Amino acid sequence: MHLAAQILLNGILLGGLYGLMALGMGLVWGVLNIVNLAHGAFIMLGGYAVYYCHAGLGIDPFAALPIAMVGLFCLGYLVQRFVLSLIARAALLNTLLVTFGIDVVLTYLALFAFSADFRTINPSYAGDHFELAGLTVPLAQLGAFATALVLAGGLRMFLARTRTGRAIRATAQNLTAARLHGINPRRIYPLCFGIGTALAGAAGGLYGVVSQVTPYMGNTLTAKSFVIAILGGLDRPLGVLAGGVALGIAEATTDIYLDPTYRNAIGFGMLVAILVLRPTRLFERA
Amino acid sequence: MTTGRWLVIGCVAALAAVPLFGSATMVQYGISALSIAALAQAWNILGGYTGYASFGNSVFYGLGAYGTAIAMVDGHQSFGVGLGCGVALAVACAWLFGGPILRLRGPYFAIATLGLSGAMSAVVSNLGFAGKNVGLILPLYRGDALFYELSLALLVLCTLAVAWISRSRFGAGLVAIREDEDAALVMGVNTPRYKALALLLAAGFSAVAGGIHAYWSTFLDPASAFDSTLNVKMVIMTVFGGPGTVLGPIVGAFSLSAISELLASQLSTMASAFYGLVIVLAVVFMPGGLMELGRGFRRGGRRYFLDNMRRFRL
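From first to last, the protein sequence lines are chains E and P. Residue numbering for the first sequence follows my numbering, beginning at 92 and increasing consecutively. Residue numbering for the second sequence follows my numbering, beginning at 107 and increasing consecutively.
Dropping the structure here:
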């Protein structure tokens with residue numbers, strides 16, 4: 092019973108971070124209709140940004156998150172403005188290929204610039220934890236979870252309350268109708284992609300604190316983000332966070348009761364099962 | 107016979123003669139280029155003609171490799187029998203999963219197939235008789251010429267199948283599915299059966315490529331057998347050459363293999379980054395692939411590239 096509760100807690104804490112990773116991907120997918128295979132590469136760049144802020148400049152990783160987010164926002168904005176806007180109306184396969192190409196470019200530029208070494212963002216409180224009702228709560232993981240919650244809530248507020256947020260949701264629902272109401276997708280698309288990459292950047296920084304950063308980490312995280320974005324629903328930030336928690340719990344359970352090698356399979360198993368068993372609901376939502 | 111046919115036969119004969127005259131490095135490069143071309147051609151059946159972007163073809167490649175290896179190592183069978191086992195395994199898997207997965211469309215299909223490859227790799231790395239994570243070591247056979255000719259034969263066979271598809275009623279049905287699946291169904295195309303058949307064909311050819319590669323490299327582990335970058339290569343080469351055409355995947359595979367080989371010898375890390383850049387530029391400026399480039403360029407000159415860019419711009 093105690094073990095089960097601890098697994099649940101670990102899964103929830105990890106899952107919050109997973110949810111944050113998927114937020115940006117779901118937003119970009121829902122609004123721009125692009126399945127961004129470079130999403131994991133942006134997460135990786137965020138991880139390196141926070142790593143160098145911490146290791147080089149001595150800034151606390153959590154305080155460095157906004158810096159990474161601003162940097163990644165600018166990068167994402169430019170990538171959409173000058174590359175992805177060229178294929179905005181192309182077939183799905185072509186957008187997949189272009190984002191894959193961007194992923195390759197970013198990954199190998201990162202390999203060139205940062206080397207293949209594993210980097211861990213190690214603040215002084217990295218290994219600290221406290222006891223709560225007999226359960227061990229790791230501090231860094233709790234911080235990551237709380238940050239994810241704040242950012243997801245912030246995104247939700249932004250989409251629901253602000254004028255720009257409403258314009259983004261309108262674009263996602265019906266591009267033609269949105270244009271008729273005076274919304275300019277050339278303004279919305281780069282902005283939205285930038286927000287997506289900024290969230291990826293934040294997720295990367297937090298991932299570096301609880302795990303490691305390497306140039307190759309992107310692909311697995313892209314796949315996980317995809318799974319979660321579908322589990323949670325594309326344009327519902329809190330739903331995505333819940334999807335992340337579901338995956339986190341599933342993974343943590345697999346680690347203990349089955350075998351850690353099944354870890355990556357379990358997420359995909361869940362995805363395939365859900366897609367195959369209940370496809371209609373998901374299609375309507377997307 | 108038309109001149110075109112003689113030209114093709116001449117090309118195949120010239121390629122078949124490479125092991126007689128070429129150096130060992132050339133033959134080895136040829137084996138990998140030919141087998142990736144065959145894989146791209148197999149992907150073309152499902153992705154190019156039917157419009158189902160599969161990221162799970164590497165599953166069939168991996169199962170073909172594992173079926174061959176298990177039959178040869180655990181069952182002490184000959185390579186021919188092993189290859190048969192590999193193909194049977196992959197086709198059985200395609201038949202089993204094809205039903206539910208082919209009901210999905212667009213990105214959902216793409217990701218479900220990607221998931222299949224991830225799950226399959228995890229399952230295989232937990233099977234004792236498949237060597238778990240450590241892998242299997244196959245009997246050594248020194249004869250690159252044989253592997254070269256086998257790969258060439260596979261590519262020719264696969265291309266003949268695609269050539270048949272491109273002019274048969276079956277192929278017309280697949281193209282109809284790609285253009286509008288619901289309309290195809292209404293017009294009397296048995297879409298589930300057509301899609302399943304396309305998947306089985308792609309699975310069978312990919313499995314042969316996997317079996318040949320396993321015996322050639324004499325070593326097999328889950329990470330290399332179910333490598334998703336291999337699948338991505340199939341997609342990119344097909345799209346670069348021209349999806350839904352008979353010769354496109356071959357042209358794409360040969361030219362991209364040559365580019366990456368040249369780049370890799372010049373500058374190592376930056377080569378891969380450049381490869382990514384080539385993909386982006388190719389999709390933006392020539393989405394119809396190399397096969398369409400010749401025609402479009404003759405008609406419009408440099409404007410062809412700009413027109414492509416304008417066509418899909420926001």
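Using N, Cα and C, we set each Cβ at its ideal position, and we do this for glycine too. Here the structure is a predicted model, which means the values were calculated and not measured.
Check residue i in the structure and name its three-state DSSP category.
{"i": "P:Arg405", "result": "helix"}
{"i": "E:Thr305", "result": "coil"}
{"i": "E:His93", "result": "helix"}
{"i": "E:Arg270", "result": "helix"}
{"i": "P:Arg248", "result": "coil"}
{"i": "E:Arg327", "result": "coil"}
{"i": "P:Asp180", "result": "coil"}
{"i": "E:Leu368", "result": "helix"}
{"i": "E:Leu166", "result": "helix"}
{"i": "E:Met135", "result": "helix"}
{"i": "P:Thr174", "result": "helix"}
{"i": "E:Leu332", "result": "helix"}
{"i": "P:Tyr158", "result": "coil"}
{"i": "E:Val126", "result": "coil"}
In its own chain, which residues sit with a C-beta less than 6 Å from the C-beta of residue i, not counting the 5 before and 5 after it?
{"i": "P:Ala146", "result": "Met340, Met343, Thr344, Pro355, Ala359"}
{"i": "P:Leu291", "result": "Thr297"}
{"i": "P:Leu140", "result": "Ser257, Leu258, Leu261"}
{"i": "E:Pro229", "result": "His220"}
{"i": "E:Thr227", "result": "His220"}
Ordered along the chain, which non-local residues of its own chain (more than five positions away) have a Cβ less than 7 Å from that of residue i?
{"i": "P:Asp413", "result": "Gly406"}
{"i": "P:Ile243", "result": "Thr324, Phe325"}
{"i": "E:Gly234", "result": "Phe153"}
{"i": "E:Val122", "result": "Ile259, Thr262, Ala263, Cys283"}
{"i": "E:Asp98", "result": "First, the residue type needs correcting, since residue 98 of chain E is Ile and not Asp in the sequence shown. Around E:Ile98: Ala343, Thr344, Ile347."}
{"i": "E:Ile125", "result": "Val119, Leu175, Thr186, Thr190"}
Based on the DSSP output, what are the partners of residue i in its beta bridges?
{"i": "P:Ile243", "result": "P:Phe325"}
{"i": "P:Phe66", "result": "What is shown of chain P runs 107 to 420, which leaves residue 66 of chain P out entirely."}
{"i": "E:Thr253", "result": "None; E:Thr253 has no bridge partner."}
{"i": "P:Phe418", "result": "In DSSP, P:Phe418 forms no bridge with anything."}
{"i": "E:Pro229", "result": "E:His220"}
{"i": "E:Arg210", "result": "E:Val304"}
Enumerate in chain order the residues of its own chain whose CB-to-CB distance from residue i is below 8 Å, with the five nearest sequence positions on each side excluded.
{"i": "P:Val118", "result": "Leu258, Val262"}
{"i": "E:Thr371", "result": "In this predicted model, E:Thr371 has a pLDDT of only 48, less than 50, meaning its place in the structure is not dependable enough to derive any value."}
{"i": "E:Ala243", "result": "Gly110, Leu111, Leu114, Pro328, Leu329, Val331, Leu332"}
{"i": "P:Val240", "result": "Asp327"}
Output yes or no for whether 8 Å exceeds the beta carbon distance between residue i and residue j.
{"i": "P:Ala313", "j": "P:Tyr167", "result": "yes"}
{"i": "E:Gly285", "j": "E:Gly167", "result": "yes"}
{"i": "E:Gly323", "j": "E:Gly117", "result": "yes"}
{"i": "P:Tyr300", "j": "P:Gly279", "result": "yes"}
{"i": "E:Ala343", "j": "E:Leu105", "result": "yes"}
{"i": "E:Phe191", "j": "P:Val338", "result": "yes"}
{"i": "E:Ile212", "j": "E:Val141", "result": "yes"}
{"i": "E:Val300", "j": "E:Ala239", "result": "no"}
{"i": "P:Tyr155", "j": "P:Ala331", "result": "no"}
{"i": "P:Ala251", "j": "P:Pro125", "result": "yes"}
{"i": "P:Leu152", "j": "P:Ala267", "result": "no"}
{"i": "E:Leu366", "j": "P:Leu396", "result": "no"}
{"i": "P:Val197", "j": "P:Gly294", "result": "no"}
{"i": "P:Trp322", "j": "P:Ile137", "result": "yes"}
{"i": "E:Leu184", "j": "P:Ala159", "result": "yes"}
{"i": "E:Phe173", "j": "E:Thr288", "result": "no"}
{"i": "P:Phe418", "j": "E:Leu177", "result": "yes"}
{"i": "P:Ile115", "j": "P:Ser363", "result": "no"}
{"i": "E:Val388", "j": "E:Ile103", "result": "The shown model of chain E, from 92 to 377, leaves out residue 388 of chain E, and the question about it has no answer."}
Inset, instruction - May I ask you to verify whether the region 146 to 164 of chain E touches the region 173 to 189 of chain P, counting CB pairs closer than 8 Å and requiring at least 3? - result: no
Inset, instruction - Evaluate contact between the region 222 to 234 of chain P and the region 152 to 168 of chain P, counting only Cβ atoms and requiring at least three cross-stretch pairs below 8 Å. - result: yes
Inset, instruction - Taking 8 Å as the threshold, find out whether the region 200 to 208 of chain E comes into contact with the region 300 to 310 of chain E through three or more Cβ pairs. - result: yes
Legend entry - Inter-stretch contact (C-beta, 8 Å, three-pair minimum) for the region 312 to 319 of chain E and the region 345 to 363 of chain E: yes
Inset, instruction - Determine, using beta-carbon pairs with one atom in the region 145 to 155 of chain E and one in the region 381 to 390 of chain P, whether at least three such pairs fall under 8 Å. - result: no
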